Every structure is written in structure tokens, then in C-alpha cells.
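FYI, the working numbering numbers position 247 of the sequence shown as 227, with every residue one higher than the one before it.
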Amino acid sequence: MKIVILGAGGRLGAALMREFRPKYDVVGFDHAQLDLSNLEGLREKVGATTFDVLINAAAFTNVDACEIERDRAFRINAEAPGVVAEICNEKDAKLIHFSTDYVFDGEKRAPYTEEDQANPISAYGESKLAGEKNVLAVDDGHLVVRVSWVFGPDRPSFVDAMIKRAQQDEKIDAISDKFSTPTYTHDIAEMLARVLDDWSRRAPGGLGAGRLHGILHFANAGKCTWQEYAQWALDCCRDAGVFLRGRTVGALKLSEMTRLRQGSGGQAPWVARRPVYSVLSTAKYTELTGTAPRAWREAVNDYITRFYSKK
Ligand SMILES: NC(=O)c1ccc[n+]([C@@H]2O[C@H](COP(=O)([O-])OP(=O)(O)OC[C@H]3O[C@@H](n4cnc5c(N)ncnc54)[C@H](OP(=O)(O)O)[C@@H]3O)[C@@H](O)[C@H]2O)c1
-19 MKIVILGAGG RLGAALMREF RPKYDVVGFD HAQLDLSNLE GLREKVGATT FDVLINAAAF
41 TNVDACEIER DRAFRINAEA PGVVAEICNE KDAKLIHFST DYVFDGEKRA PYTEEDQANP
101 ISAYGESKLA GEKNVLAVDD GHLVVRVSWV FGPDRPSFVD AMIKRAQQDE KIDAISDKFS
161 TPTYTHDIAE MLARVLDDWS RRAPGGLGAG RLHGILHFAN AGKCTWQEYA QWALDCCRDA
221 GVFLRGRTVG ALKLSEMTRL RQGSGGQAPW VARRPVYSVL STAKYTELTG TAPRAWREAV
281 NDYITRFYSK K
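See below:
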């Protein structure tokens, strides 16, 4: 199976490159090699490549910058995925496109299912939702995977920032009234391998959609606040023998993030609104694959043991 990965230099894309290279014939394009905001260049470069599956892990992911550069957000997160879906159809190839829990407004207090109404409250969320729609309007046999709070070794994320801060300072705090679920890039790669397997088993001589198409939610199991997430990461670091100055994560209110000034607590104030609650239900994934994602605490512990442990 020949796979093309867009966003090959990103947190998720780089992880997929690393994990898929031993199993599949993989070609990656990073931002420098392929700029999604240049739709003509995108058609030319991807059009000239042969593949069975394209994985789009490229996106304009800076939530606050998307609010300011709205047009750019829509070009990269909405228009480009539509063009990518068209190229895939011309090649009779399948597309796996990544999206986000930020398509929801966060008003619910139970995990969001694929059937729940999306109602983004930021330009980032709006542009990502438009991207989902553009992809599935071209062909509903493509797969849109919504993930949340992605972490992994290929690019620092919230959890790495918290560990770094705890290595430098005694005082650390994180938001205690915003809920979602961390998702390990390694686990996303395993999930995708299952999808690819499902597609190739169901269509001898080519790829079929199988049961996995349309929108699918994937995240590690459970839910937490950023404070709980950070505290667990520090607890895992302590057990793994990682030096820390700060060991307890204090609580910060979501409302305070919009009032913070540059330099306050090392954080910049937020421009965009974020959903308060964006836990994704993975019941559909479990029903279709017969497997459940592992708990977020286990995934974070695995990451820290593997990439931070000095023992
Ligand atoms: N990170 C999260 O917590 C999270 C949560 C929910 C959903 N997601 C989704 O998961 C997917 C992967 O995100 P990630 O965590 O891997 O984010 P990431 O590390 O920011 O990766 C995104 C990649 O896209 C590239 N990119 C940005 N603009 C581009 C352009 N115009 N042309 C080509 N490439 C461009 C970036 O390159 P440069 O850095 O060089 O610009 C980066 O390599 C995205 O669809 C994102 O929306 C992420």
C-alpha cells in the first residue's frame, strides 16, 4: 500500500511517518515541500504522485492565529482539504483527513458523538468544520478523524510545556475548568493501521471504504482538565526519576486566560474562544473495530516513561 502523508513535519504527521515507514510504502510532504495555501501547487505536486491512501495531518493549528488570519485559516483548513479530496478521487485513492474536538461549542456535559451537532466558537473550529464538509461532499467514502489534545515526541505540546515549566519553576498552574481527553500520536497511528487493514481486507485488488468512513472520533479513554493532565504528567515524571522543581499543579480558571497579559505566568492571553467541554465519545470506533482506546493516564505514562525517563 502506498501512502502519502501531508504535514509530515508536524506532531502527528511526523509520528505517522516514523510509525508507518516500516510497514508501508510512505512518502511525506512537510510544509516546506508543499504549501497547502497554494492550491495550484497542491494540485501539481500531489497530482503527480501515485498513492492508494493520502493522510492529511497538515493544518493551520494555532487557534489564536486562526482568529486573526481568518482567510488563511479557511484556505489551509477548509479549501485545501476539499482539493485534496478531489485529487484522491481522480486517483481512485482514499483520504484520511484529521479534524478536531474544537468543532463543538462545549455546551454539552457528556461525550460528543459523531451525530452531535457541530457548532464551532472559533475561526479555527469553523475552518476545520468547513474542511470536514468539503472532504465528505467530494466523497463520503473518505474518512474524517476528529482527535483532541494531541501529544507525542515529535513536537512539544501542552504536556511538554508543563514538564519544562516544572523543571524550571516551583509554581505551576493549569486550567481546572476545561475538559477533554489527551490523545497520544502513537495510539492514533495504531488506530489508523486498523483502518488501513479494514479497507484492504474488504476490497481485494483495491481499497474499499469498509465500515470506516465519514466522521470518526478518536481519543484516549476518559476525561480530564488541563490541571489534572499536567498533575498526572508530573506524577509520572517523579516515578520515572525526572528532575522537577515544581511538583504540584495549581488551578487556573478558564476565564483568567482571556485576562492574562503577555509575560504573566509565561503565558500569552487567548484571542479565540475555546470549548469548555469537548470530550469525544469513541463508542463508534469501538463498535466498528471491536477495540477500545486505552486510558489517557496509561498513554501519558507510556510517553513519559519512553521519552523522559532517566532510569
Ligand atoms: N494538536 C492538537 O492538540 C490537536 C487537537 C485536535 C485536532 N488536531 C488536528 O490534528 C491534526 C494534526 O495536528 P498536529 O497536532 O500534528 O499539529 P501541528 O504539529 O501544528 O502540525 C500541523 C502541520 O501542518 C503544517 N502546516 C501548517 N500550515 C501549512 C500549509 N500552509 N501547508 C502545508 N503544511 C502546513 C505545519 O507546518 P509548520 O509548523 O511548519 O507550519 C505542521 O507541520 C490537525 O488536523 C489538527 O487540526 C490537533
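Every residue, glycine too, gets a C-beta built ideally from N, C-alpha and C. Nothing here was measured: the structure is a model prediction, and the numbers come from that model.
{"Query": "Rounded C-alpha distance that separates A90 from K25", "Result": "42 Å"}
{"Query": "Residue environment, S107, which counts as buried when at least 16 other CB atoms sit within 10 Å", "Result": "buried"}
{"Query": "H56 CB to nearest heavy atom of ligand 1 below 7 Å", "Result": "Position check: residue 56 holds Ile in this sequence, whereas His was assumed. Correct: I56 has its Cβ closer than 7 Å to ligand 1."}
{"Query": "Option nearest C135 by Cα separation, candidates A(-5), D282, E278 and A103", "Result": "According to the sequence displayed, residue 135 carries Arg and not Cys. Nearest C-alpha to R135: A(-5)."}
{"Query": "G243 in three-state terms, based on DSSP", "Result": "Interpretation of G243 is limited by its pLDDT of 39, a score under 50 that renders its predicted location unreliable; no figure is taken from the coordinates."}
{"Query": "Near ligand 1: K264 beta-carbon under 7 Å from a heavy atom", "Result": "no"}
{"Query": "Identified DSSP bridge partners for H77", "Result": "N36 and V124"}
{"Query": "6 Å CB neighbourhood of A45 in its chain, flanking five on each side removed", "Result": "none"}
{"Query": "T43: first and last residue of the uninterrupted beta strand (DSSP E) it sits in", "Result": "For clarity, residue 43 is Val in the given sequence; the question names Thr instead. Not the beta strand (DSSP E): V43 falls in the alpha helix (DSSP H), residues V43 to I48."}
{"Query": "heavy atom of ligand 1 below 7 Å from T29 C-beta", "Result": "no"}
{"Query": "Minimum C-alpha distance to R(-2) - residue among E170, A141 and L116", "Result": "E170"}
{"Query": "Distance cut-off 7 Å: A38 Cβ against heavy atoms of ligand 1", "Result": "yes"}
{"Query": "Proximity below 8 Å, CB of A37 to CB of G(-7)", "Result": "yes"}
{"Query": "For A231, three-class secondary structure by DSSP", "Result": "strand"}
{"Query": "Cβ-based neighbour list, F54, same chain, cut-off 7 Å, excluding 5 preceding and 5 following", "Result": "S107 and A110"}
{"Query": "Bridge partners - H197, DSSP secondary structure assignment", "Result": "R126"}
{"Query": "Same chain only: Cβ atoms within 7 Å of G(-11), ignoring 5 sequence neighbours per side", "Result": "D10 and H11"}
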